[in-house]
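Protein chains in written order, with my numbering: chain R, 310 to 661; chain Z, 310 to 661; chain X, 310 to 661.
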């Protein structure tokens, strides 16, 4: 047996000391290097090959929104690498944070990110932030204002734990799961991102991060959604170019059948449309109309022995039937488990 | 002095890798072995004889309800054995969890235990769960539905931190405290569980776990409660059989005096009656009538130099007078302290 | 290079095993020794010269009120010294605590500090407590009732993380920051505590702790506030005597100009007046009248190249203008950073 040092993969130099806001921050090649590191870490019990690069380090986990998987998987990832996590729930046990510049702070928010972020950076070695969109103004959400403010004012690396626009840690685990179930590699794999019905309007971060990451990995990506919920033409064009450059392709369809036929991966997810921001009177009747946008066993039979994926939490018998979720093709638990390994590889790179 | 290894008690093989849902899961003999291990751990500073069996391990602490003693004592127990605790408050900073099977999840609950529990088990090495009863349907509470769902879907040991029906960690600390104050052993000790007045309906988990554990240890158990709040005949019969088999006895009385006369232990606790579930108009007037069911100094003088116990938190001058609680016979702080040692012995057994 | 042991400062014997409720608990000389230890700890990466005096120890962090800096800086301080922090938010995830003696507990509060505190002391090695004033009865607040109850019933050291009357950890960081920016020492430094406008009534703990600490260090302290918000004569007289004894001085003024002219330090802070407790109809119109009590750049130009301090969180363009806070004279981030180092020196002393 070789000494441990020789098993250890070369550190991912491109991550060292950097923030991780979107997989778009790295090239497709770098992204796939990170996936390889995550898969290697998963082989070894507790990722022993990664060592303890966070020994004596602390990571602040800043939650503007609820979290289960993200909170636990990040905490365990940090601990297994030798560090400590300090969770903070903004507005519950801490002060509400203002992020707009130049504002006269005579309202409800008692602290500005311009102080809070630099101060936190005096105590911790990295900040990981969850900040969902407001779902009120698409122009505001597009700027990813809270994450951008953290990134601007931080003096330590910032890790995105799901912002208004992106959820790159989820995308890492997603592509890692597809790689594990694609022995021949990403090339030629038919991967379908399928819109799902849901009782309320959900953010776009997960589907946007997934589509971008899938394109970066060069799969053949199909996006299926009712016309009213399809992504904008510019966005689709960008992902299409990225996919082409990586040896893949992109098609957008308004029907479910072409997404399922021969697919290797079905990724179900509900998301809202910027068109309906603040207009539930337009959105809710449509959702009643699209109740059949639920993944069921009959549809899965049209796939090429495809796996079923979802980022969780998922509403059973609304987004997907019990039969699919509890059936042999569901990999949602493995997908969630991969969050831990992906984040360990990421952290080990940042703190290399 | 002997080397450390020789001081170390034999691991409790019957606990290894197992869940701990109720003391009824183990035989009376096993229970008393666990008590001995807890008492041995308490002798040594920080339970050094237990070693660090949780090194590199993580335990998720899942709270559906508030906690003070349980949260801190479990966290410290885990840390002193070398591990890390990750607390999660369900519905506050995490997603609300559904536990019913086959449901169409179009309401308030966004995640099902069927995903949440297996996913958490990918990250942590054990799950400890607090899930109080709904106090609305006795049939539902009897099934201990949340705990049962965790136990069913978990792939790591599950530890009950107080469920709808049982609070076995409390019962461990309770019996450990009685053992400490009973130099001659459990046999022949008169232990009285005495109902107490309270401004609102409380769960049955603590008194049920205490009565079961006391029966398993073979004490002479007296249960005193107003007729309306007495446990059901079947329940009493079960405990009575258990007590008999262990060399003890059980009597149920509707008056206070026979519970105090010559008692070695007074364990005060308020609990609700399934008869009054959802019927405060029947319950509250009774409570006004039973305001004298408060432990006072005059009553304690009828005991055989008996100790006063309560699981805490306790309402002063409602459940028990200041005089008793602050007096020389109160062992409530020692009883709470024993939570730490009992849980360390338990965890050391599970992770042996 | 000398062996590490020789670099290590002599332990601060006067702190060992003691509580830290106010800087008034120690002499001016002891206070300055503690500041020197904090500055020495700051020189070394992660305060390596302090060693790991908290190895295997746990500190309970009890929050009755929100916290950001305090929570993170205490947690990191404890961890860097080898220990673990357990945060508890009272009333959110734990039981509401009663602190009055002799009360019949038939209301909302389900647990008394008389049990909760001794019990916590069975699990942890120190308790750090944040308990803001009620701002309803000045007589009650003056007794600092929650902190006093913790101090009375605890069997381990209690550390004040901001009580009704004092915030001594903040005062430590404040004076450490002034010392860092005063190469010639505290003597002869003009330090001005300046009242600031604010949309609501704030506690007095920070300004009271700062004024006391500044007096103990012997600076020339100017307190500027509108007449209605000036501290009482007795309080001012006490601080004045303390300042004189330490070689400094105290003046109280109702105008801003004399506070800024030639000042070396401007410490802005809003606080309420006991006169207006429960009388917003008297307080709020005054605040409208005093809107110009906001620190702006023109005022800072009257200082002797003075630094701007605030304990944070601060309301921008209400308490202080963006220009001052973002300008070269603001030391608020350094001041917050010093919380970490000051608390490490404090904890190292207590656990020496």
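For glycine and all other residues, C-beta sits at the position ideal for the given N, C-alpha and C. Quick caveat: nothing in here was measured; it's all calculated off a predicted structure.
- The beta carbon of residue 517/X lies closer than 7 Å to those of 474 and 475 in the same chain, with the five residues before and after it left out.
- Judged by DSSP in its simplified three-state form, residue 421/R adopts strand.
- Taking a contact as a CB-CB distance under 8 Å, the pair residue 486/R and residue 640/R counts as one, their CB atoms being some 6 Å apart.
- Interface with chain R (8 Å Cβ-Cβ cutoff): residue 395/Z is included.
- Excluding residues up to 5 positions away in sequence, 503, 505, 604, 619, 628 and 629 lie with their Cβ nearer than 6 Å to the Cβ of residue 577/Z in the same chain.
- Unbroken beta strand (DSSP E) stretches of 3 residues or longer found wholly inside the region 582-613 of chain R: none.
- Note: residue 561/X is bridge-paired with 532/X in the DSSP secondary-structure output.
- Listed along the chain, the chain Z residues whose CB falls inside 7 Å of the CB of residue 631/R are 411.
- In this structure, DSSP gives residue 378/Z a helical state, which the three-state scheme calls helix.
- The three-state secondary structure of residue 475/X, taken from DSSP, is coil.
- Straight through space, the alpha carbons of residue 361/X and residue 419/Z are spaced by roughly 44 Å.
- In this structure, the alpha-carbon of residue 534/Z lies about 20 Å from that of residue 415/X.
- Annotated three-state conformation of residue 399/Z is coil, per DSSP.
- Boundaries of the alpha helix (DSSP H) around residue 551/Z: 542-554.
- Apart from sequence neighbours up to five positions away, no residue of its chain approaches residue 353/Z with a beta-carbon distance below 7 Å.
- Counting only residues of its own chain and dropping the five nearest sequence neighbours on each side, residue 429/R has a CB closer than 7 Å to the CB of 369 and 436.
- Between residue 450/X and residue 444/X, the alpha-carbon positions lie close to 7 Å from each other.
- Neighbours of residue 377/R across chain X, judged by C-beta separation under 7 Å, do not exist; the nearest C-beta is about 16 Å away.
- Annotated three-state conformation of residue 580/R is coil, per DSSP.
- Chain R has a Cβ within less than 8 Å of the Cβ of residue 433/Z.
- Ranked by Cα distance from residue 631/Z, the first of 413/X, 643/X and 358/X is 413/X.
- Interface with chain R (8 Å Cβ-Cβ cutoff): residue 358/X is excluded.
- Taking residue 549/R as the centre and dropping the five residues before and after it, the same chain places the C-beta of 524, 558 and 559 closer than 8 Å to its C-beta, in chain order.
- Going by C-alpha positions, residue 552/R is about 21 Å away from residue 615/R.
- Residue pairing by DSSP places residue 504/R opposite 578/R in a beta bridge.
- Sequence-distant partners of residue 625/Z (beyond 5 residues in either direction) whose C-beta falls short of 7 Å from its own C-beta, in its chain, are 631 and 634.
- Within 9 Å of the CB of residue 425/X, the CB atoms of chain Z belong to 377, 378, 621 and 622, in sequence order along the chain.
- The region 387-403 of chain X and the region 384-400 of chain Z touch, with three or more beta-carbon pairs separated by less than 8 Å.
- Here residue 348/X carries a helix assignment [DSSP, helix/strand/coil].
- With a minimum length of 3 residues, the unbroken runs of beta strand (DSSP E) contained wholly in the region 440-470 of chain X fall at 467-469.
- Under the three-state reduction of DSSP, residue 436/X is assigned to strand.
- In this structure, the CA atom of residue 366/R is about 54 Å from the CA atom of residue 609/Z.
- Scanning its chain for C-beta atoms nearer than 8 Å, with the 5 sequence neighbours on each side dropped, one finds around residue 562/R the residues 531, 532, 533 and 568, in chain order.
- Looking at 455/R, 426/R, 529/R and 546/R, the one whose alpha-carbon comes closest to that of residue 408/R is 455/R.
- Proximity of residue 467/Z to chain R, defined by a Cβ-Cβ separation below 8 Å, is not satisfied.
- Taking a C-beta distance under 8 Å as the contact criterion, residue 611/R and residue 570/R qualify as a contact pair.
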